[in-house]
Amino acid sequence: MGSTFAPVRYRTIGRDAVILMGGGKGCRPVQVTQDALTDIQSPPRCDTDRLSQYLEVFAQIAEKKIEAGEFAFDGRIWITGNDVRAWRCNRLETDPIDQDAERRPGLSGKFQPTLG
Numbered sequence: 173m174g175s176t177f178a179p180v181r182y183r184t185i186g187r188d189a190v191i192l193m194g195g196g197k198g199c200r201p202v203q204v205t206q207d208a209l210t211d212i213q214s215p216p217r218c219d220t221d222r223l224s225q226y227l228e229v230f231a232q233i234a235e236k237k238i239e240a241g242e243f244a245f246d247g248r249i250w251i252t253g254n255d256v257r258a259w260r261c262n263r264l265e266t267d268p269i270d271q272d273a274e275r276r277p278g279l280s281g282k283f284q285p286t287l288g
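Going from the sequence shown to this note's numbering is simple: count from 1 and add 172.
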């Protein structure tokens, strides 16, 4: 089953961000909090570059919340630092390869013998 919602537009507003998710019968606004933006990767940053870099991740989190009916009183989906931490834990459970390997030169997450 393919994705029924996809990010249509996004922008930062102050220290938060809004993603407009389109699909099905219309669009849903998704509020991404400052702590979600800063918790997604180290070093912490809260800007449009970080939002665009992880747009698909935020869209996946939002889609799961939409499908589960986790709407706030205003009809929005809120993505917080707790949601990001849950995504990271789930990612580590499904992909046990060293997650920091991509940030360290020369490591691919696989065994590399040392010479010497």
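Beta carbons are placed, not taken as given, at the ideal position from N, Cα and C, and that holds for glycine.
DSSP puts Q199 in a beta bridge; with which residues?
For clarity, residue 199 is Cys in the given sequence; the question names Gln instead. In the DSSP output, where bridge partners are listed per residue, C199 has G194.
Please report the distance separating the alpha-carbon of A208 from that of T220.
A direct Cα-to-Cα measurement between A208 and T220 gives close to 13 Å.
Closest by C-alpha distance to R147, when choosing among P201, F177, T210 and P179
Any answer about residue 147 is impossible in this case: the structure gives the chain only from 173 up to 288.
For T184, write down the residues that DSSP places opposite it in a beta bridge.
Under DSSP, T184 takes part in a beta bridge, and its partners are A189.
Pick helix, strand or coil for A244, following the three-state DSSP scheme.
In the three-state reduction of the DSSP assignment, A244 falls in the coil class.
Endpoints, the alpha helix (DSSP H) within which T210 is located
From DSSP, the alpha helix (DSSP H) with T210 extends over Q206 to D211.
Tell me the rounded alpha-carbon separation between A258 and T252.
Straight-line Cα distance between these residues: approximately 10 Å.
Based on the DSSP secondary-structure assignment, which residues constitute the bridge partners of A178?
Beta-bridge annotation (DSSP): A178 is paired with G194.
From P201, T176 and Q225, pick the residue whose C-alpha is nearest to that of F245; which is it?
Among P201, T176 and Q225, the Cα nearest to that of F245 is on P201.
Measure the C-alpha to C-alpha separation of K282 and G247 and round it to an integer number of angstroms.
At K282 the pLDDT is 44, less than 50, meaning the model places this residue with poor confidence; the figure from the coordinates comes in the next sentence. The straight-line gap separating the alpha-carbon atoms of K282 and G247 is approximately 44 Å.
Based on Cα-Cα distance, which residue from T205, E228, I238 and Q206 lies nearest to I181?
The sequence as given places Arg at residue 181; Ile does not occur at that position. Closest option to R181, Cα to Cα, is E228.
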